Structures are given as C-alpha cells and as structure tokens.
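Trainee: Following this message is one structure expressed as structure tokens.
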Amino acid sequence: MKKLWSILLLGALSMFFAEVFSGASTLWFIDPWGLFLTYPLYLGHAIFLLNVAFLWKKTSPRQLYFFGMLFGLYEALITKVLWFGYPTSTGPMVGYFFGVAWGEFLTLVLFYHPIMSFVIPVFVYELLSRDVLPGHERFLQKNWKTFFLVIILIIMGASFQSNGAKYDMIRSVGSMVGSILIICLLHFLSREKNLQSLVLGKKGLTIVLVYLFVLYGVTTAVIFPERLPNIVLPYLLIFLWYLVAIGLLWVDWFTPGTISLKGIIFSPKELGIFALLIICATVVCSYFQQITYGILLVMFVSLMGAGVVLFSWSLISLLKQRISVGPL
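For the sequence shown, counting from 1, position 127 maps to 126 in numbering that gives the first Met the number 0; every step adds exactly one.
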C-alpha cells in the first residue's frame with residue numbers, strides 16, 4: 000500500500016500546485032469533476048512522465064522541465080485552451096499565432112505546467128521523502144534565493160486562488176486547507192516512502208498509458224468540441240512542439256553527479272510552516288480584493304515572460320553543456 004499512497008501523494012501535490020494555486024479548482028475534493036476527472040488527469044500525467052524520466056535516466060531539473068512541456072500540451076486536445084483561450088474567455092488573451100493562442104502557450108507550456116504541475120511536485124515529494132535525485136539539491140537548499148521563490152509562490156497561489164473563488168474566503172481558504180490536509184494524510188500513510196515508491200512496473204505503466212489514451216480520446220470529443228480548429232496548421236504546430244520537447248530530451252544526455260549538501264535542504268516541518276503561510280496569505284488576499292486583483296494582473300502578465308525566460312535559459316544551459324562536454 001505504501002506505493003499506492005506515494006503515487007496518490009504525487010498526484011495530490013500536482014493537483015495542489017497546478018489547479019489550487021492557479022484558482023482553476025476550488026474545493027475540488029468535494030466536486031465530482033475535480034475528484035474524478037481533474038485529479039486523475041494530473042496524477043496520470045505526473046506518474047507517467049516521471050516513470051519515463053526514470054526509464055530514460057533523464058531526471059535532472061532541466062530534463063524534468065522538458066518533460067513538463069509535454070505535460071502542458073494536454074491543454075490543446077483536452078481543454079482546447081491552446082487553440083481558443085481559457086474556458087471562461089471568448090478567445091485568446093493576446094491573439095493567435097497560426098491558429099495557436101500564443102499567450103496561453105507561453106504561460107502554460109513554457110512555464111506553468113512544467114514548473115507547477117511537474118517539477119515543484121517532484122521537488123516537494125523529495126523533501127517529504129528525504130530522497131533527493133542528483134542535481135536537485137541546489138534547488139532544495141535553504142538560502143535567500145529559494146526563500147524568495149517560496150514567497151513568490153505563496154503570493155501567487157494565494158492571489159490566484161482567492162480570485163478563482165471570487166474572493167469567497169470560506170471557499171478559497173477551504174480549498175487551501177482541504178488540499179493541504181489531504182497531502183498531510185497521504186504523507187502520513189506513505190511514511191518510509193522514497194523515490195522507488197513511485198516506480199511502476201510494466202503492468203502499472205501500461206494501465207496508466209491506456210488511461211491517458213482513453214482520457215485524450217474522450218475529452219477531445221466531449222469537452223468544448225466546437226473549439227477544435229477546423230484547419231490543419233494548429234494541429235501541426237502542437238505536434239511540432241511534442242517533437243521539440245522529445246528532441247530536447249534526446250539531445251540532453253547530461254547526468255548529474257552525486258548529491259552534496261543534502262543536510263541543509265528544507266525539512267517537512269518547514270514545509271508545514273510554508274503551508275500555514277499560504278493559508279494566512281489566502282485569508283489576506285480574499286479580504287483585500289482590490290490589492291489582490293492588482294497583484295494578480297501583474298503576475299498573470301509576468302508568467303508569459305517567465306515562460307520565455309525559462310525556456311531560453313534551458314536552451315542556453317543545454318547548449319553550453321554540449322559545447323563544454325563535446326560530442327559523445
């Protein structure tokens with residue numbers, strides 16, 4: 000059962016940082032749509048991509064970022080966001096680029112899903128299990144850079160969740176508290192877990208893969224089918240980005256060395272303190288609506304730029320590494 004609880008924990012972390020932090024899901028744990036569609040979607044993507052990363056021996060933070068790009072491309076076929084815009088919108092934020100909503104693409108594929116849906120959930124799982132992959136420790140250490148990033152994440156999560164809950168404090172705080180309690184429960188049930196607890200056998204991997212195929216097939220036809228493009232080019236561009244992400248993983252054969260400075264990474268107790276800060280920040284953001292809305296707008300626009308910066312940094316670091324190491 001430890002393996003099952005561990006896998007469910009990774010899914011809960013992905014759901015928390017992706018959907019709850021964005022305000023897209025409020026009180027998802029008592030909503031049939033959130034519990035039986037959205038949560039399994041994040042669980043399935045996270046556990047499948049992580050297992051592929053293990054199989055390919057590509058688990059550096061940069062490589063996980065490239066896997067996260069594959070994660071984010073579900074916003075094309077399943078939600079149609081990359082082709083039309085967000086569900087409640089009447090079109091894309093800033094227009095189309097050959098049939099693709101480029102503002103949503105920069106935000107979701109190049110930043111939000113790689114980081115919030117995949118990389119950070121894996122990082123937090125590592126902190127909870129005290130089992131850290133080589134190359135990850137520098138992102139988990141306690142220093143001013145990581146503290147600053149944690150503060151930014153707390154502000155972002157609190158403001159987006161408050162807005163998503165329409166500044167209903169009970170709903171927004173309830174979403175945060177309920178999600179954190181679920182994570183705490185799964186953390187307790189999966190005690191003595193490690194990264195090996197997330198490794199699936201051939202049968203398990205096949206089941207997840209079949210689930211994802213069914214999920215994509217059904218949701219493509221059922222969720223906003225009228226938003227599917229009626230020309231070929233938008234489909235080709237999304238397919239091209241699948242190839243780009245896989246191609247980057249193919250050429251990124253860098254393997255991190257041994258773990259160092261493991262003793263100064265964040266502890267589970269410190270993660271608990273951050274959780275309390277998130278709850279407090281959500282209370283504040285739900286109360287001060289105008290200030291929160293201003294913060295939200297700044298962050299909403301900043302995420303597009305963050306996607307460009309992060310993708311560019313990943314390409315440059317990969318290129319530098321290939322040049323320094325030379326050909327195989």
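Even for Gly, the Cβ is constructed at its ideal location relative to N, Cα and C.
If you're wondering where the values come from, they're calculated on a predicted model, not measured in any experiment.
(1) For the alpha helix (DSSP H) containing Gln195, list its first residue and its last residue.
(2) By DSSP, does Val231 sit in helix, in strand, or in coil?
(3) Pull up the CB-CB distance for Thr58 and Ile222, whole angstroms please, since I reckon it's below 8 angstroms.
(4) Residues in the same chain with beta-carbon distance under 8 angstroms from Leu227, minus the five sequence neighbours each way, listed in chain order, please.
(5) Once DSSP output is grouped into helix, strand and coil, what is the label at Val243?
(6) In three-state terms, what does DSSP make of Ile119?
(7) Is it true that the CB of Val283 sits closer than 9 angstroms to the CB of Ser178?
(8) Helix, strand or coil: which one does DSSP assign to Tyr85?
(9) By DSSP, does Ile294 sit in helix, in strand, or in coil?
(10) Can you tell me which of the three DSSP states Phe146 falls into?
(11) Alpha carbons only, please: which of Trp312, Leu188, Leu208, Ile151 is nearest the one belonging to Val297?
(12) Starting from Arg177, follow the alpha helix (DSSP H) in both directions and report where the run begins and ends.
(13) Reducing DSSP to helix, strand and coil, say where Phe223 ends up.
(14) Sorted by chain position, which residues of the same chain lie with C-beta nearer than 7 angstroms to Gly134's C-beta, five sequence neighbours on each side aside?
(15) Quick check on Val93: does DSSP put it in helix, strand or coil?
(16) Report the partner residues of Val99 according to the DSSP bridge assignment.
(17) Residues in its own chain within less than 6 angstroms of Pro267 by CB, not counting five upstream and five downstream?
(18) Roughly how many angstroms lie between the CA atoms of Ser172 and Leu3, to the nearest whole one?
(19) Evaluate Ile264 with the Cβ neighbour count: other Cβ atoms within 10 Å of its Cβ, from every protein chain shown; 16 or more gives buried, anything less gives exposed.
(20) Kindly indicate which three-state DSSP category Ile77 falls into: helix, strand or coil?
(21) Does the beta-carbon of Met0 have 16 or more other beta-carbons within 10 angstroms, so that it is buried, or is it exposed?
(22) Quick check on Ser323: buried or exposed, where buried means 16 or more other Cβ atoms within 10 Å of its Cβ?
(23) Classify Tyr73: buried if its beta carbon has 16 or more other beta carbons within 10 angstroms, exposed otherwise.
(24) Exposed or buried, what is Thr87 when buried is set at 16 or more other beta-carbons lying within 10 Å of its beta-carbon?
(25) On the DSSP bridge assignment, give the partners of Ile264 in chain order.
Mentor: On the basis of the supplied data:
(1) Taken as a continuous stretch (DSSP letters only), Gln195 belongs to no alpha helix (DSSP H), as it is neither H nor E.
(2) Shown here, Val231 sits in coil according to DSSP, grouped into three states, outside any helix or strand.
(3) Not quite, the Cβ-Cβ distance comes to about 32 angstroms (not below 8 angstroms), so this is no contact.
(4) Lys79, Trp82, Thr219
(5) helix
(6) helix
(7) Contact flag unset, no.
(8) coil
(9) helix
(10) helix
(11) Measuring from the Cα of Val297, the nearest candidate turns out to be Ile151.
(12) Before going on, a small fix: residue 177 reads as Gly here, not Arg. That run of the alpha helix (DSSP H) goes 168-188.
(13) coil
(14) Beyond the five residues adjoining it in sequence on each side, Gly134 comes within less than 7 angstroms, by CB distance, of Ser59, Pro60, Pro255 in the same chain, given in chain order.
(15) coil
(16) Phe96
(17) Leu127
(18) Sequence check: residue 172 is Val here, not Ser. Near 28 angstroms, if we compare the C-alpha coordinates of Leu3 and Val172.
(19) buried
(20) coil
(21) Answer is exposed; the Cβ neighbour count stays below 16.
(22) exposed
(23) buried
(24) Exposed.
(25) DSSP output for Ile264 lists Gln140 as bridge partner(s).
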